[in-house]
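Novice:
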Amino acid sequence: MWDLIRSIGGGQYAPHGYCLLWQPELVWTHVVSDLLIAGAYFSIPLALISFIRRRRDVQFGWMVWLFALFILACGTSHLMQVWNLWHGDYGAEAVVKAITALASVPTAILLWRLIPQALALPSPRQLALANAELEGLVDERDAALARLTGEIAQRERAEEALVQARKIDAIGQLTGGIAHDFNNLLQAITGNLDLIHQRPSDVARVTRWAENALKAVERGTRLTGQLLAFSRTQRLELRSIDVDALIGGMLDLVQRSIGPAIELDTRLEAADCRVQADQTQLELALLNLAINARDAMPEGGRLIIASRALDLRGHAELPDGRYVEVAVADTGHGMTEEVMRRALEPFFTTKGVGRGTGLGLSMAFGVARQSGGTLSLSSAPGAGTTVAVLLRCIEGESEAPRGGTAVGLDTPPEPAARAVAVMVIDDDEQVRESIVDGLNALGYRVQPHGGGAAALQARASERPALTVIDFAMPGLNGADIARQIRLDQPDAPIIFISGYADSAALDAFAGPNTRVLRKPFQTSELAQVAAELLRDAAGPA
């Protein structure tokens, strides 16, 4: 080693025999070897670049680029050795060697710094153990997830069973309430009709008994109306309504209903906003809320009816827009959380037997929802209750309710109506007979039928001037029959009678030659509607 160092510093260089003129058989050995080594060196950076491009997620430092430069410089030095066999350009070779040296030193330094990190990498055995441990943890988590899924499914089944039980309880409460109220109505009707049957000659009493039976029927009509409002299947006559004017027009009725012990206070501030609703149903809903408030203040108190227009944003049930809020507030005993949760259920009531049907709030809620709004409650024990009805504002003038002069049972028909053919189609024999008898008493020539097929066949021989059809019937229903009639006679006057029917299905037949009568109805109502349709069909005199 020392000899080498002394020879480098002594300046006594041996003659360089790199020209290999005396050993020409070694020339191609050097050339081929250097070219292969250079090619191998140049391929290494290309492999590094390909790896970096495919693994962009791995952060490579300067170490990789310095190593690539070092490898390229090494490859170039081998090419220079081949070049110098023929040209002897040792200056260029020295430059390449200097570049290789500059690249090799920092590369070596960084490589030494990477050795501890490389040694810290886990061995294949350690990786296998870690993988096995991870798989064990995954299996445990999978088992825990399976147990949790089973528990969730079991809880969902339990909740579903609870909901079903509550539904059954609600249905029982609903049917029990309906049975109770309708049994009372049937008793009133049956008792009065039985008295009429026993003493038909006692004219004065028969009149009173008949009036009592009709009053019971009216009560039943209101009850079914409340049920249909709650179920949101009642066909509403929607029109533009000034809420403040509506409330102002029923204040006398409200005051009489709540009695003198309760102070009535109104705060109406929605005069600039109209709503679209059924005026009769909205009045009934507000009256029910006032009566509920009265019952919550048996010793007197204060009832506040307030209205205001507000801009609603981000409501859970209603779209954004301008609304009218009608609030009915009382200073009564209030409600607990549990009572509030059930307050909108039909026939749920905290009043004593015979003091309420439990339909007031549910009916008001049904009317609000069917009118495109909603109803909310706020209450606390001892702090009173506030019921707020939200209805969307619209633009437009109020429409006057349609009306007409009622035709009584004893009102003789117009001469033009005598002997007019009317077809009555109803599958219920008793209902059909009562309609037929009523129309016969008015002078019409009635063609009764219990089903659609027979009625359509009879129309082939004689077209009636008017057809009265029960909308819900087995086989051919009212819609099917009306469709067949309109194919043959597009302008045929038709009266649909219905106790319960899909409002959308009835609306499909809406038109100037169609009317709808809701059961129960009086013969006078049928007579009025029939006279209007026949008059419209006849045209101007």
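Final position of the sequence shown in our numbering is 600; the numbers increase by one with none missing.
Backbone N, C-alpha and C fix where the C-beta goes; we use that ideal spot for every residue, glycine too.
Remember, it's a predicted structure, so these values are computed and weren't measured experimentally.
My guess is that S136 and K156 are in contact by the Cβ rule of under 8 Å, so how many angstroms apart are they, rounded?
Specialist: Confirmed, about 6 Å.
Novice: Taking a contact to mean a Cβ-Cβ separation below 8 Å, would you say G308 touches L377 in this structure?
Specialist: No.
Novice: Just the C-alpha distance for D487 and Q548, rounded to the nearest angstrom, thanks.
Specialist: Straight-line Cα distance between these residues: approximately 26 Å.
Novice: Identify whether M139 lies in helix, strand or coil by the three-state DSSP scheme.
Specialist: It is helical.
Novice: With distances taken from CA atoms, which of R184, L204, V123 is nearest L173?
Specialist: Of the listed residues, the one whose Cα sits closest to L173 is V123.
Novice: For I168, I'd like the list of residues in its chain whose CB is within less than 7 Å of its CB, leaving aside the five on either flank, ordered along the chain.
Specialist: Within the same chain, I168 has no close Cβ partners at all.
Novice: Please confirm whether R333 and C452 have their CB atoms less than 8 Å apart.
Specialist: Yes.
Novice: Tell me, to the nearest whole angstrom, how far the beta carbon of I544 is from that of T573; I am working on the premise that it is less than 8 Å.
Specialist: I544 to T573, Cβ: 11 Å. No contact.
Novice: Give me the residue from Q314, A269, S430 with the minimum Cα distance to I300.
Specialist: That would be S430, whose Cα lies nearest to the Cα of I300.
Novice: Compute the Euclidean distance between the alpha carbons of W142 and G150, then round it to the nearest angstrom.
Specialist: Using only the alpha carbons, I get a separation of about 12 Å.
Novice: To the nearest angstrom, how far is the alpha carbon of E400 from that of H256?
Specialist: According to the sequence as given, residue 400 is Arg; it is not Glu. Roughly 48 Å separates the two Cα atoms.
Novice: As a quick exercise: from V495, R491, V490, pick the residue whose alpha carbon is nearest that of A480.
Specialist: The option with the nearest alpha carbon to A480 is V495.
Novice: Can you tell me which of the three DSSP states P507 falls into?
Specialist: In this structure, P507 counts as strand in the three-state DSSP scheme.
Novice: Tell me the DSSP secondary structure of Q335 in three-state form.
Specialist: Strand at Q335.
Novice: Less than 8 Å between C-beta atoms, sequence neighbours within five positions excluded: which residues of the same chain meet that for I306?
Specialist: T325, L327, L345, I364, S366, V385.
Novice: Within 10 angstroms of its Cβ, does R114 collect 16 or more other Cβ (buried), or is it exposed?
Specialist: Exposed: under 16 other Cβ atoms inside 10 Å.
Novice: Assuming A386 is part of the beta strand (DSSP E), what are its boundary residues?
Specialist: It spans 380-389 - the beta strand (DSSP E) in which A386 sits, taken as one unbroken run.
Novice: Which residue comes first and which comes last in the alpha helix (DSSP H) that contains G307?
Specialist: Run containing G307: 302-308, per the alpha helix (DSSP H) assignment.
Novice: According to DSSP, which residues form a beta bridge with R326?
Specialist: According to DSSP, which records beta bridges pairwise, R326 is partnered with A365.
Novice: Is it a yes or a no for the region 309-322 touching the region 435-451, going by three-plus beta-carbon pairs under 8 Å?
Specialist: Segments in contact, no.
Novice: Using the Cα positions of N347 and R278, report the straight-line distance between them to the nearest angstrom.
Specialist: C-alpha separation (whole angstroms): 14 Å.
Novice: Using the Cβ count rule (16 or more neighbours within 10 Å means buried), how would you classify V154?
Specialist: By the 10 Å Cβ count, V154 comes out exposed.
Novice: Using 8 Å for Cβ pairs, my map puts G360 next to T444. What's the rounded Cβ distance?
Specialist: Not quite, the Cβ-Cβ distance comes to about 11 Å (not below 8 Å), so this is no contact.
Novice: Count the other CB atoms within 10 Å of the CB of H146; is the residue buried (16 or more) or exposed (fewer)?
Specialist: Exposed, since its Cβ has fewer than 16 Cβ neighbours within 10 Å.
Novice: Would you kindly work out how many angstroms separate the C-alpha atoms of L180 and E192, rounded to a whole number?
Specialist: Cα to Cα, the separation comes out at about 18 Å.
Novice: Helix, strand or coil for M356, going by three-state DSSP, please let me know.
Specialist: DSSP places M356 in coil when its eight states are reduced to three.
Novice: Look at the alpha carbon of L592 and the alpha carbon of A478, and state the distance between them as a whole number of angstroms.
Specialist: Roughly 16 Å between the two C-alpha positions.
Novice: Please report the residue range of the beta strand (DSSP E) in which L436 lies.
Specialist: Element bounds for L436: 433-438.
Novice: State yes or no: is the C-beta of D389 within less than 8 Å of the C-beta of M422?
Specialist: No, the Cβ-Cβ distance between D389 and M422 is not below 8 Å.
Novice: Got a sec, what are the start and stop residues for the beta strand (DSSP E) F555 sits in?
Specialist: 553-557 is the extent of the beta strand (DSSP E) around F555.
Novice: Drop a sphere of 10 angstroms on the beta-carbon of H374, count the other beta-carbons inside from all chains shown, and report buried for 16 or more, exposed for fewer.
Specialist: When all chains shown are included, H374 counts as exposed.
Novice: Just to check my reading of the structure: V602 and V302 have Cβ atoms closer than 8 Å, yes? What is that Cβ distance to the nearest angstrom?
Specialist: Residue 602 lies beyond the range of the chain shown here (60 to 600); nothing can be said about it.
Novice: Taking its Cβ as the centre, do 16 or more other Cβ atoms sit within 10 Å of P523, making it buried, or is it exposed?
Specialist: So P523 counts as buried.
Novice: Once you ignore the five residues that flank I130 on each side, which residues in its own chain have a CB closer than 6 Å to its CB?
Specialist: Around I130: Y100, I103, P104.
Novice: Could you spell out the range, first to last residue, of the beta strand (DSSP E) harbouring A447?
Specialist: Residues 444-453.
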